[in-house]
Amino acid sequence: MSKQKNNFKTSKIYNSKHLESVVTANIEGKQNSYYLITNSWDKVCNYFNDRLPIDGFTDLNVVDIFNVPNALDVIRSAIKSHRETISTACLSRYDQLPMLVVIHKSFPRVVSYNGSVGAEIGI
């Protein structure tokens, strides 16, 4: 039996305020939310950027670190403002880009290795 993959559509995040409002709305209204943190100059990130899904139904929020350099801080702050007791230690640093942050209810999880990110989003 194969695992059902998420059917993603890309949604670009343009600045910190936009990211904060999206994270807050998703925590309050969705079971799961996905944030792909990437950049526009790294070869691996460009590989992902060129293959992002566009015709699905689950939002894949794409954050370029040049547009939102403090993306992890914004996500962490939005989670903490919603529920202060949630551990956000996994959002303390960028290990590798691209980085996928998955928030289940208000619990964050980070996927940071290229193969794992690709498998998670179906690339």
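For any residue, its number in this note's numbering is found by taking its place in the sequence shown, counting from 1, and adding 205.
Built from N, CA and C at the ideal position, the CB exists for glycine as well.
Sorting Asn-319, Ser-226, Ser-292, Lys-222 by C-alpha distance to the C-alpha of Leu-305 places Asn-319 at the top.
When rounded, the separation of the alpha-carbon atoms in Asp-300 and Leu-277 is 11 Å. Non-local beta-carbon contacts of Arg-281 in its own chain, meaning distances under 7 Å to residues more than five positions away in sequence, involve Thr-293, Leu-296 in chain order. If you compare the alpha carbons of Asn-237, Glu-325, Val-267 with that of Ser-245, the shortest gap goes to Val-267. By the neighbour-count definition (other C-beta atoms within 10 Å, threshold 16), Asp-269 is a buried residue. The residue from Asp-264, Ser-221, Ser-216, Lys-217 with its alpha-carbon nearest to that of Asn-275 is Ser-221.
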